[in-house]
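Below is one structure; the comments refer to it alone.
Residue numbers (UniProt numbering): 1 to 260.
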């Protein structure tokens, strides 16, 4: 997957840092086992230099990217020909890293980003691009034709910065309109606190807002460590623990939800 530099969108620094983390991880952090030649090519096209970011910026991003890749890989281990939908992921090369030759992938993004990516998008019928605005949920209706298709929705990075009001509306629509067993991967940051409810041991998701307002989504279950293979579950627990410890650094907690 090679992107054209022509009329490239003005990506945010955190998006370019994500490109750099993937592009240079194999050299800077070989212990992570993250190799991404597509990101290297993308970094050259966007003139993203490793020297423009500190190791303290890149290593946490690379570590979390590898963790998310492994969570996605686990989903496709369970559902080899399943469907993933990336929400407003910008210059992300995850498809090329996790493609097993059977899975299907749709990236939804704003029109300018889609136009830029579509010029050199993967030439396979298993990958598609679709346009939408961050405030639009109409694409959810299209999943009605694929209710028996195992689906994973990734709302990471910029999507989590839409704020509690928008994320709350999205989770409401997901609860009402998505089929049972659809899964979601979301970022829970200090400004967007998605927690499992503590009531009677349930693990339904709650959205905690400023001022003590709590919104509960009983149809969305938060997956725990035991829902993963043992090594992966331990890594998710450790990474999320570090995210809580370094809360002021804005490291997001990974929330994996399932529609029940």
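A virtual CB, placed ideally from N, CA and C, is assigned to each residue, including glycine.
State buried or exposed for residue 10, treating a residue as buried only when at least 16 other CB atoms are found within 10 Å of its CB.
Numbered from 1 along the chain shown, position 10 holds the residue referred to as residue 10. Classification of residue 10: exposed, given that the 10 Å Cβ count is below 16.
Which same chain residues end up closer than 6 Å to residue 105 when comparing Cβ atoms and leaving out the 5 residues on each side of it in sequence?
Start at 1 with the first residue of the chain shown, and residue 105 comes out as number 105. Correct list, in chain order: 84, 95, 127.
Would you kindly work out how many angstroms separate the C-alpha atoms of residue 47 and residue 19, rounded to a whole number?
By 1-based counting over the chain shown, the position of residue 47 is 47. By 1-based counting over the chain shown, the position of residue 19 is 19. For residue 47 and residue 19, the distance between alpha carbons rounds to 11 Å.
What would DSSP say about residue 155, mapped onto helix, strand or coil?
Locating residue 155 in the chain shown gives position 155, where the first residue counts as 1. In the structure shown, residue 155 sits in a strand (DSSP, three-state: E or B).
Three Cβ pairs or more, each shorter than 8 Å: is that satisfied between the region 223 to 235 and the region 68 to 81?
Because the criterion of three Cβ pairs below 8 Å is met, the region 223 to 235 and the region 68 to 81 touch.
Which residue from 50, 44, 52, 100 puts its Cα closest to that of residue 69?
As a working note, residue 69 is residue 69 in the chain shown. The shortest Cα separation from residue 69 among 50, 44, 52, 100 belongs to 100.
Based on DSSP bridge pairs, tell me the residues matched to residue 217.
Your numbering for residue 217 matches position 217 in the chain shown. For residue 217, which the question treats as bridged, DSSP gives the partners 205.
May I have the straight-line CA-CA distance separating residue 241 from residue 254, to the nearest angstrom?
Along the chain shown, one-based indexing puts residue 241 at 241. Along the chain shown, one-based indexing puts residue 254 at 254. C-alpha separation (whole angstroms): 10 Å.
State the Cα-Cα distance for the pair residue 53 and residue 17, rounded to the nearest angstrom.
For this step, residue 53 is matched to residue 53 along the chain shown. For this step, residue 17 is matched to residue 17 along the chain shown. Whole-angstrom Cα-Cα distance: 7 Å.
Judging by CA-CA distance, which residue of 224, 8, 165, 189 is the nearest neighbour of residue 111?
In the chain shown, counting from the first residue as 1, residue 111 sits at position 111. Nearest of 224, 8, 165, 189 to residue 111, Cα basis: 8.
Taking only the alpha-carbon atoms, compute the straight-line gap between residue 32 and residue 59 and give it to the nearest angstrom.
As a position in the chain shown, residue 32 is number 32, starting the count at 1. As a position in the chain shown, residue 59 is number 59, starting the count at 1. Straight-line Cα distance between these residues: approximately 9 Å.
Grab me the residues of residue 61's own chain with a C-beta within less than 7 Å of its C-beta, minus the 5 sequence neighbours each way, in chain order.
The count along the chain shown starts at 1 and reaches residue 61 at position 61. Around residue 61: 17, 18, 21.
Note down, in chain order, each residue of its chain lying with its Cβ closer than 6 Å to the Cβ of residue 147, except the 5 sequence neighbours on either side.
What you label residue 147 is simply residue 147 of the chain shown in a count that begins at 1. Within the same chain, residue 147 has close Cβ partners 179.
Do residue 162 and residue 257 have their beta-carbon atoms positioned less than 8 Å apart in this structure?
For this step, residue 257 is matched to residue 257 along the chain shown. For this step, residue 162 is matched to residue 162 along the chain shown. No.
Nearest CA to the CA of residue 208: which residue from 193, 222, 109, 239?
The residue you call residue 208 lines up with position 208 of the chain shown. With distances taken between Cα atoms, residue 208 lies closest to 193.
Just verifying my parser: in three-state terms, what is the DSSP assignment at residue 133?
Residue numbering aside, residue 133 sits at position 133 when the chain shown is read from its first letter. Residue state, collapsed to three classes: coil.
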